[in-house]
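These notes concern the structure reproduced below.
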Amino acid sequence: MIVALQRDDHTAREPRPAVREGPLQPVLREYKPQKFGNETFTRDFKAQWFKQYPWLSYSIDRKVGTCYVCSKFMNDNTFTFCNWKKTERLTKHHQSEAHSLAMTKWLEYRQMQRKSSSIISIIDDGHRNYAKRNREVFTCNHRMSLLHCPTKHRSKRP
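Going by UniProt numbering, the sequence shown opens with residue 1, and the numbers climb by one from there.
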């Protein structure tokens with residue numbers, strides 16, 4: 001039986017990255033230019049903020065910046081950034097106690113992932129060496145059995 005999934009909220013339209021993937025940081029020519037107050041020019045989200053704030057994620061569907069680490073490691077989706085004029089909000093959030101705790105959890109998770117992958121590679125290398133050694137023993141045993149087989153099975157020489 002095939003069941004159609006309903007797409008009634010923004011999370012259904014925008015795939016959520018796995019924890020190991022990190023924040024969504026698309027580099028676009030234009031994000032959401034807008035005027036603030038009586039300004040005669042438009043301001044826009046800047047991709048350079050991704051370098052300054054590696055935790056910053058940008059939702060293309062919602063057209064807002066969010067905090068990846070607070071969202072994933074603290075289940076806190078309250079920080080959104082859509083007023084490109086008030087960049088001090090990024091700094092204030094970056095320095096907050098809750099965000100610092102989320103960053104610590106993210107860094108610990110990434111370190112655990114690196115250790116986990118290195119353990120897998122060690123096990124894989126050990127298995128590869130084990131298989132190679134078994135092949136060598138088998139080849140040696142096979143050669144020995146050919147040398148010691150009865151004469152009636154050997155080819156006759158003229």
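Where a beta carbon is used, it is the ideal one built from N, C-alpha and C, also for glycine. Because the structure is a prediction, the values reported are computed rather than measured.
In the DSSP assignment, Tyr68 falls outside any beta strand (DSSP E) and lies within the alpha helix (DSSP H) extending over 68 to 73. A buried status is given to His93, since no fewer than 16 other beta-carbon atoms sit within 10 Å of its beta-carbon. Shown here, Thr80 sits in a strand according to DSSP, grouped into three states. Shown here, Ser57 sits in a strand according to DSSP, grouped into three states. For Val64, the beta-bridge partners assigned by DSSP are Ser59. Between Met112 and Val69, the C-beta spacing is not below 8 Å. Per the DSSP secondary-structure output, Gln34 pairs in a beta bridge with Arg43. In summary, Phe50 is buried, with 16 or more beta-carbon neighbours lying within 10 Å of its beta-carbon over all protein chains present.
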